Amino acid sequence: MIRTQADIAAQTGKLLAQMRRARPLVHNIANYVSMDIAANALLAIGASPAMVHAREEVAEFVSFSGALVVNIGTLSTPWIESMKLAAEAAVAHHKPWVLDPVGAGATRLRNEAVAALLPHRPAIIRGNASEIMAVAGGVGVAPKGVDSANTTEEATALAVSLATHQRCVVIATGAIDVITDGKRVVKLANGSPMMTKVTALGCALSAVTGAFAAVTGDAFEASVAAVAVYGIVGELAAEHAAGPGSYRVAFLDRLASIEARHIEQHLKVAG
Amino acid sequence: MIRTQADIAAQTGKLLAQMRRARPLVHNIANYVSMDIAANALLAIGASPAMVHAREEVAEFVSFSGALVVNIGTLSTPWIESMKLAAEAAVAHHKPWVLDPVGAGATRLRNEAVAALLPHRPAIIRGNASEIMAVAGGVGVAPKGVDSANTTEEATALAVSLATHQRCVVIATGAIDVITDGKRVVKLANGSPMMTKVTALGCALSAVTGAFAAVTGDAFEASVAAVAVYGIVGELAAEHAAGPGSYRVAFLDRLASIEARHIEQHLKVAG
Amino acid sequence: MIRTQADIAAQTGKLLAQMRRARPLVHNIANYVSMDIAANALLAIGASPAMVHAREEVAEFVSFSGALVVNIGTLSTPWIESMKLAAEAAVAHHKPWVLDPVGAGATRLRNEAVAALLPHRPAIIRGNASEIMAVAGGVGVAPKGVDSANTTEEATALAVSLATHQRCVVIATGAIDVITDGKRVVKLANGSPMMTKVTALGCALSAVTGAFAAVTGDAFEASVAAVAVYGIVGELAAEHAAGPGSYRVAFLDRLASIEARHIEQHLKVAG
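Those sequence lines, one after another, are chains A, B and C.
Take the first sequence: its letters are residues -4 to 266, numbered as in my numbering.
Take the second sequence: its letters are residues -4 to 266, numbered as in my numbering.
Take the third sequence: its letters are residues -4 to 266, numbered as in my numbering.
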C-alpha cells in the first residue's frame, strides 16, 4: 500500500490524459465570485464547464453531466434548496459530487447548509484547513471570513475522521495538501503562496477535482490527481509572474499546457 | 446583391467607427459567468455596458439604452420574468434586442424560457450551432451542456428557417460563422480555436452585437460587422498568446485597438 | 489645516503599511460584475475579502469583519433588504461601512435604494461625479447607465454638501478625485484614462477604501489614502499596458507591489 512519488505521478498523468480525452461536462453550482475562474480553469485543463443553479433544472442537468460541484461561497436559501436537489440527483444517477464548504464555521447559515448537504453523500469534500475542521465538527475554529486561520497539519486528524465518518474523500488544501479517504492519506507539497493571492483558486480546484472524478470510479485517485496537477501548475505559474494579476494569467496558461512529464518532474509527496 | 469581401470589410469598418463615436449604452441581462468578460469586451470595443436585471427597473433602463442583450446562461424563473419585461420594453421603445439562448435544448426550463422570449421579437438571435438548431426546433440535438456538439454547416439550413420564421437575424457561431436574415446568408471564416477555451466569449459577442445594433437600423449589417470584428480580433489575439489566460488578455487588448485597416487586411468571407 | 503633498504621502504610506499588517476582513455586498475584480483587488493590496449577501447571515458576518462595503450595481429587492440589515449591523458593531451608489439617478429603484440606505449612516460614500450628484439630490443629472456624464469639478459643491448633510466622507472619482468630509476637501490628480476601460475598477476602489477604513477611526484619512494609492497604481499600471486586458493585469500586479516610496514619488495633489 506504500505509494511512491513515481506511482502517484504516473497515475496522475494517466488520469489527466483520460480526462482530456473524455472532456467531461462538469455541472457547477458555484459561487458568484468563482464562476469566471472556475469555468476558465475547467476549459483550460480540458473539461467542459456549465454553471446551472435553478431548482427547476438542476436535477435534469446533473443527469447528463459527468460530475457535480457544489460551492457554498455566496450562499442564499433558494440556492441551498437547489444544491440539495442537485446532490440528490447526482447520487440517484451515480454521478460523483464535490462539496466545497466555503466559509464553513463562519456563520450559522453556512453550518446549516453543510449539515443539510452532508446526508446527500458527497464523494469528495474540498476545503481549506479551517473549513475542513469546521465541517468535521472541530471546536475553537476561529472564523476569518473565507481564508484559513489554520494549517492543514492541524486539520489532518479531523480530515481523516471526517472522511471515515462520511465515507468520502476529504481534501484539505494549504501549504501542504492533504488527501484522505479515512484509510489512506497522501500529502502533497506543491503549490505557491501566490495561490492565496488570487480569489477563488480554491473553488476552481474543487471544480477541477470534479472533472477528474467524472472519469474514474475512484474518488481518491481522482482527488490526488487533481490536487497534484493543480499544485504543480501553481508552482510553475509563479516562475514568471510579476504579481497576482499576471499570476492568474500564467496559471490558466499552465493548466492548459501541463503534461505528464511536468508531473513526473515536479511532484513533491510530503513526509 | 452579391457582397464582395471588400464591401463587407468597408461596411464593417464604417459601422465600427460609428459605434465608437456613439458609444452606445448596452443594457445586458447577462449570465453571472459572462458579466465580467461581456462588460470588459463592451468597454474595450468602445461601448458603455450596464448589467441590470431587477424586474422593477429593467423597462425603465431599456428606455434610455441603445440596445438590450438577453442571455439565458445562468437562468432562474425570476430572471425570465425580467427578461420578458425588458424585451417588451425594448420593442415598445424601438430598441433592438439580442437573444443569446445559452444551453437551449439542454433542459426543459431553457426551452420554455426561449419559447417565452421569442414572441417578444428579438432583432437578433446569437448562439452556437447546437443552440441555434435547438431554438429552430431541430430534433436529435445532443445536449452537451453549453458547448456545441454541432458545426455551423449543419446548422445553416435551420438558421435560415429560424430567421425567416422569426423575421429576425440569426447568428450561428463556430469555426465558420453564419449570419442570415432568412434571405441573405453571409459566412465568415475568421476566429481561432482558442476562442472556445475562454469562458463566455460567445456571450460577450452577443453583447458586442448589441453595441453595433444600437447604431444602425439594419440588424443584418450590425450582425455581420460585429461577427467580422470579433473573429478578426480572435485571430489576431492568438498570435502571441501562450494559453487561454494570456489569450483572454490579448483578446481584450485587440478589441480596443482594432481598426478598419485590420478588417480590410484580415476579413475572410467563406464559400 | 493646510496639508502638503508630503504630509498626505507620508500618512498614506503609513496607513497602507498598517492595513497590510492588519489584513482586515472586508465584507462586501458587491454587484455581480465587480465581485471578481473587487476580491482580487482586496487580496492584491493585502486585505482579506468576503462576498456575503444572504439576509440570514449578513449581520452575523459583519460582526467579525473589519468593514462593510455595499454596492448597488446589480440591484434587486431581496438584496436591498440584506444591504439594510448589514448596514444596521455595521453601525451597531461600530464597523465603518462604505456605500457605492452605482447608477444612482438612472432609475427609480436605484434612487429608492439609496434613500433607504442613507439613514443607516455610511461612513463613506464613493461614486463617480454623476452618481454623487444624484445622491446629493442634484437635478438635471443625465442618466448614462453606470458611466459618468459629469466631471468631479462639477460635482465638488454637491459632494461637500452631501458630506455635511450626511456627516460622512464623500469620494467623487474622475480625472480629478475629490475627497471631502464637508469641511476638508482634498483633490488628487493621479490615475489614468485606462481606468475607465476596465469594468468595475470604481467598485473595486470602494472595496479597497473599506480595507483602509477598517484600520483607522478616521474615515477621511482612510479615504484619502485609498484614493491616493489607487490612483498611483492606476498611473503606474498604464506604463506598460497594451490595452484594457493587459492593463487590468498590470493594475492587480501593481496593487500588490506598491510601496510608500512610490506614493512619495508620484502623488499629485491638485489645485
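A virtual CB, placed ideally from N, CA and C, is assigned to each residue, including glycine.
From a predicted model like this one, the values you see are computed outputs, not experimental measurements.
Counting the other CB atoms within 10 Å of its CB gives C/Arg16 a total below 16, which places it among the exposed residues. Cβ contact annotation for C/Asn185 (same chain, cutoff 6 angstroms, sequence separation greater than five): Gly226, Ile227, Glu230 and Lys263, in chain order.
If one requires a minimum length of 4 residues, the alpha helix (DSSP H) runs lying completely within the region 56 to 87 of chain A are 72 to 87, in chain order. In the DSSP annotation of this structure, the continuous segment of the beta strand (DSSP E) that includes A/Thr168 starts and ends at Val164 to Thr168. Under the rule that a run must span 4 or more residues, the alpha helix (DSSP H) segments found entirely inside the region 151 to 213 of chain A read 196 to 208. Here DSSP, grouped into helix, strand and coil, assigns C/Asn23 to strand.
Proximity of chain B to C/Leu104 at the Cβ level (cut-off 7 angstroms) is accounted for by Ala49, Glu51 and Glu52, in chain order. Using a Cβ-Cβ cut-off of 8 angstroms, A/Arg243 counts as an interface residue toward chain B, since at least one Cβ of chain B sits closer than that to its own. It is roughly 8 angstroms from the alpha-carbon of A/Arg243 to the alpha-carbon of A/Ala232. Interface residue (Cβ-Cβ distance to chain B less than 8 angstroms): C/Thr194 is classified as such.
Distance from the CA of A/Ala54 to the CA of C/Met46, rounded to the nearest whole angstrom, comes to 27 angstroms. Contact between B/Leu104 and B/Ile127 does not hold, since the beta-carbon distance rounds to 19 angstroms and is not under 8 angstroms. When the alpha-carbon of B/Ala221 is set against those of B/Leu250, B/Ala245 and B/Thr194, the nearest one is in B/Leu250. DSSP places C/Ala236 outside both helix and strand once states are collapsed to three, so it counts as coil. Taking every protein chain shown into account, the CB of C/Ala34 has 16 or more other CB atoms within 10 angstroms, so this residue is buried.
The region 35 to 42 of chain B makes no contact with the region 3 to 22 of chain C, as fewer than three CB pairs between them are under 8 angstroms. Taking a Cβ-Cβ threshold of 8 angstroms, the residues of chain A close to C/Ala39 are Lys192, Gly238, Pro239 and Gly240, in chain order. Beyond the five residues adjoining it in sequence on each side, C/Val193 comes within less than 8 angstroms, by CB distance, of Ile32, Pro239, Tyr242, Arg243 and Phe246 in the same chain, given in chain order. The closest CA to that of B/Ala237, considering only B/Glu216, B/Met189, B/Ala265 and B/Pro73, is found on B/Met189.
In this structure A/Asp95 touches A/Val64 by the C-beta definition: roughly 7 angstroms separates them, less than 8 angstroms.
Looking at the DSSP output, C/Ala45 sits in a beta bridge with C/His22. Between A/Thr168 and chain C, the shortest Cβ-Cβ separation is not below 8 angstroms.
DSSP lists B/Thr168 as the beta-bridge partner residues of B/Asn123. In the pairwise beta carbon analysis, the region 77 to 87 of chain A is classified as not touching the region 196 to 203 of chain A: fewer than three pairs are separated by under 8 angstroms.
Secondary structure at B/Leu94: strand, using DSSP grouped into helix, strand and coil. Within the region 65 to 82 of chain B, contact with chain A at the beta-carbon level (separation under 8 angstroms) is assigned to Gly68, Thr69, Leu70, Ser71 and Thr72.
With contacts defined by Cβ atoms closer than 8 angstroms, C/Ala131 and C/Ala110 do not form a contacting pair. Chain order gives no chain B residues near A/Ser187, where near means a beta carbon separation below 9 angstroms; the closest approach is about 15 angstroms. Proximity of chain C to B/Met46 at the Cβ level (cut-off 8 angstroms) is accounted for by Asn26, Tyr27, Val28, Gly68 and Thr69, in chain order. Closest option to B/Gly100, judged by alpha-carbon separation, among B/Gly122, B/Val93 and B/His88: B/Gly122. Along the region 86 to 119 of chain C, there is no position whose C-beta sits under 7 angstroms from a C-beta of chain A.
Chain order gives the chain C residues near B/Glu55 as Ala101, Thr102, Arg103 and Leu104, where near means a beta carbon separation below 9 angstroms.
Annotation: the continuous alpha helix (DSSP H) that includes C/Ile258 extends over Ala255 to His261.
Listed by position along chain C, the residues whose Cβ is nearer than 7 angstroms to that of A/Asp142 are Ser43. Secondary structure at C/Val222: helix, using DSSP grouped into helix, strand and coil. Look at B/Asp176: its C-beta is not under 8 angstroms from any C-beta on chain A.
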